[in-house]
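According to the working numbering, the sequence shown is numbered sequentially starting from 1.
Taking it in order: structure first as structure tokens, then the write-up.
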Amino acid sequence: MPATHQFTVRGQIQINAPIDRCFQLSTCVELVQRELHMKPIRGRTTGFVQSGDTILWRGWKFGFPQYHESIIEALKPNSFLRDRMLSGRFAIFEHDHRFESQPDNQTLLQDEIRFSLPWGSAGYAAGKRILTPYIHDVLHRRFQMLKTIAESEEWRRYLPGAVPISETSTQK
1 MPATHQFTVR GQIQINAPID RCFQLSTCVE LVQRELHMKP IRGRTTGFVQ SGDTILWRGW
61 KFGFPQYHES IIEALKPNSF LRDRMLSGRF AIFEHDHRFE SQPDNQTLLQ DEIRFSLPWG
121 SAGYAAGKRI LTPYIHDVLH RRFQMLKTIA ESEEWRRYLP GAVPISETST QK
């Protein structure tokens, strides 16, 4: 068994909302804070992430204090976002978010998370038995939260001043 083993967690969801709304909601620090249950304490702490932004997150997971500093390594508006861990409990942690426009103003959101842990065979066992199922669950909850917000009027709370596509097309 190698010293570190990389795990991959994938998921996707169809959202009945325009791609720009889904992308913006995914870059909103306040929504990420809500899904992670961790607080941003340094770097970009509010608003919307931009390419090159760093964020230091602090909180509690599994009864232990945690920190996770990430960088927005790549950002292509309305189609792709990658965040990568700079420091934290993982040996490697990368998260790709892909957005695809679908017919009828819908969006397909596809995520892939790659991670590995230090600690040799103990890290492998923790990754396989504890963290892979946990990360899969967090990803599923994130998808459901984004879908609920994007498909309801709640998105206006996070994207003030944005005009829905349906309203812009009727104003022409």
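Cβ atoms here follow ideal geometry from the backbone N, Cα and C, with glycine treated the same way.
Let me confirm a value: residue i is counted as buried when at least 16 other C-beta atoms fall within 10 Å, else exposed. Which label applies?
| i | result |
| --- | --- |
| aspartate 83 | buried |
| glycine 123 | buried |
| isoleucine 135 | buried |
| phenylalanine 62 | exposed |
| histidine 140 | exposed |
| alanine 125 | exposed |
| glycine 127 | buried |
| serine 116 | buried |
| tryptophan 155 | buried |
| arginine 142 | buried |
| proline 40 | buried |
| tryptophan 57 | buried |
| threonine 107 | buried |
| phenylalanine 99 | buried |
| isoleucine 72 | buried |
| serine 166 | Low local confidence applies: a pLDDT of 41 at serine 166 is under 50, so the model's placement there is unreliable, and no value is given. |
| histidine 37 | exposed |
| serine 87 | exposed |
If residue i sits next to residue j, beta carbons under 8 Å apart, how far is it from one beta carbon to the other, in whole angstroms?
| i | j | result |
| --- | --- | --- |
| leucine 81 | threonine 27 | 7 Å |
| glycine 113 | valine 9 | In the sequence as displayed, the identity of residue 113 is isoleucine instead of glycine. Going by Cβ atoms, the distance from isoleucine 113 to valine 9 rounds to 5 Å, so yes, they are a contact pair. |
Run through the DSSP bridge pairs and tell me what residue i is partnered with.
| i | result |
| --- | --- |
| proline 40 | Trp57 |
| methionine 85 | Ser70 |
| glycine 11 | Asp111 |
| cysteine 28 | Phe48 |
| phenylalanine 64 | Lys61 |
I'd like to know whether the C-beta of residue i is nearer than 8 Å to at least one C-beta of chain C.
| i | result |
| --- | --- |
| arginine 142 | No chain C is present in this structure, which holds just one protein chain. |
Notebook entry, point to check: Can at least three beta-carbon pairs, one atom from the region 31-48 and one from the region 11-21, be found at a separation below 8 Å?
Noted result: no
Notebook entry, point to check: In chain order, which continuous runs of the alpha helix (DSSP H) of length 4 or greater are located wholly inside the region 80-160?
Noted result: 120-126, 132-151, 155-158
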